[in-house]
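Residue numbers (the numbering used here): 0 to 250.
Built from N, CA and C at the ideal position, the CB exists for glycine as well.
In what follows, a structure is listed as structure tokens, so that the remarks can point back to it.
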Amino acid sequence: MKKILIIGIGAGNPDYITMQAVKALNRTDVFFLMDKGQSKDKLIDLRREICQTYIDAGHAYRFVEADCPERVRGEIDYTTAVQDLNRDKQQTFERMINEHMADGEVGAFLAWGDPALYDSTIRILQAILASGSCAFEFEVIPGITSVQALAAQHKVPLNRIGRSIEITTGRRLAAGQASDADTLVVMLDAEDSYRSADQQMDIYWGAYLGTPDEILISGKVAEVAGEIERVRKAARQANGWIMDTYLLRKP
Numbered sequence: 000m001k002k003i004l005i006i007g008i009g010a011g012n013p014d015y016i017t018m019q020a021v022k023a024l025n026r027t028d029v030f031f032l033m034d035k036g037q038s039k040d041k042l043i044d045l046r047r048e049i050c051q052t053y054i055d056a057g058h059a060y061r062f063v064e065a066d067c068p069e070r071v072r073g074e075i076d077y078t079t080a081v082q083d084l085n086r087d088k089q090q091t092f093e094r095m096i097n098e099h100m101a102d103g104e105v106g107a108f109l110a111w112g113d114p115a116l117y118d119s120t121i122r123i124l125q126a127i128l129a130s131g132s133c134a135f136e137f138e139v140i141p142g143i144t145s146v147q148a149l150a151a152q153h154k155v156p157l158n159r160i161g162r163s164i165e166i167t168t169g170r171r172l173a174a175g176q177a178s179d180a181d182t183l184v185v186m187l188d189a190e191d192s193y194r195s196a197d198q199q200m201d202i203y204w205g206a207y208l209g210t211p212d213e214i215l216i217s218g219k220v221a222e223v224a225g226e227i228e229r230v231r232k233a234a235r236q237a238n239g240w241i242m243d244t245y246l247l248r249k250p
């Protein structure tokens with residue numbers, strides 16, 4: 000029986016790798032590498048660096064790379080677009096597992112952050128098993144998310160005593176989602192949606208968390224929103240891509 004590992008590799012710093020992840024890396028025969036857009040080469044290089052750092056010299060392993068399908072944007076329902084994207088990814092996953100793994104081998108997908116948070120690998124593997132197109136077992140190894148890294152780098156707790164926290168997306172924030180949460184952690188925001196938040200909220204913003212390019216800005220939304228927008232735009236132009244997360248907290 001083939002075995003697939005979904006290994007959470009943290010938010011960007013190789014030191015975020017857990018001992019469980021290191022053991023999983025050293026069990027793996029083939030690593031499946033998929034990324035997209037302008038960030039593709041750098042993110043794949045970071046995955047290779049993690050393997051080189053943590054896999055024992057005597058352990059033989061190989062890489063299989065594939066282009067990652069991209070979500071259709073524009074005049075299409077977001078949920079439908081993501082479902083279509085995952086279906087395309089499923090076909091790519093099936094091909095890699097069927098064509099590049101022998102029975103008894105261990106394959107792995109290296110997921111940024113934690114595989115359970117804003118990552119589709121788990122549901123895609125579940126869909127493959129449900130379809131019967133591949134036979135394998137799989138395990139999930141948790142990782143340190145950008146949410147945890149953001150709080151650590153800003154030296155703030157994620158929640159205040161007796162208060163709630165909600166993790167959401169920039170899309171939902173921009174759409175004016177109603178939330179009673181004391182603290183919002185916002186991910187996947189490509190449109191500077193913090194500008195639509197209460198201007199007196201505190202914001203803790205971070206980009207490229209855990210990497211040498213890390214940037215941190217904090218303050219009242221009214222005071223730092225413009226700075227975040229300028230810095231974010233410049234960083235994206237300089238690096239060709241950006242990964243950022245922020246925390247919004249009521250006064």
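Rounding to the nearest angstrom, what Cα-Cα distance links residue i and residue j in this structure?
i	j	result
residue 131	residue 241	37 Å
residue 114	residue 141	6 Å
residue 22	residue 175	43 Å
residue 17	residue 237	31 Å
residue 8	residue 31	14 Å
residue 15	residue 201	27 Å
residue 148	residue 46	18 Å
residue 44	residue 161	42 Å
residue 28	residue 106	6 Å
residue 164	residue 99	42 Å
residue 96	residue 155	42 Å
Put residue i into one of helix, strand or coil per three-state DSSP.
i	result
residue 247	strand
residue 187	coil
residue 203	strand
residue 64	strand
residue 91	helix
residue 210	coil
Any heavy atom of the ligand SAH closer than 7 Å to the beta-carbon of residue i?
i	result
residue 58	For the structure depicted, the ligand SAH is absent and the ligand set is empty, with no information on it obtainable.
Please classify residue i as buried or exposed, where buried requires at least 16 neighbouring CB atoms within 10 angstroms.
i	result
residue 92	buried
residue 150	buried
residue 6	buried
residue 248	buried
Kindly list the residues whose CB is nearer than 6 Å to the CB of residue i, restricted to its own chain and excluding five residues on each side of it in sequence; keep chain order.
i	result
residue 119	85
residue 11	208, 209, 210
residue 243	206
residue 137	3, 124
Return the chain-ordered list of same chain residues with a C-beta closer than 7 Å to the C-beta of residue i, the five sequence neighbours on each side being excluded.
i	result
residue 117	186, 187
residue 190	169, 173
residue 216	204, 223, 226, 227, 230
Closer than 8 Å by C-beta to residue i: which residues in its own chain qualify, once you throw out the five before and the five after it? Chain order, please.
i	result
residue 212	206, 234, 238
residue 153	203, 205, 215, 217, 246
Let me know the beta strand (DSSP E) ranges lying completely inside the region 120-167, each 3 residues or longer, listed in chain order. For the region 120-167, whole beta strand (DSSP E) runs of length 3 or above, ordered along the chain, are 135-140.
At what residue ranges does the region 9-56 contain a whole run of the beta strand (DSSP E), taking only runs of 3 or more? Here the runs fully enclosed are 29-34.
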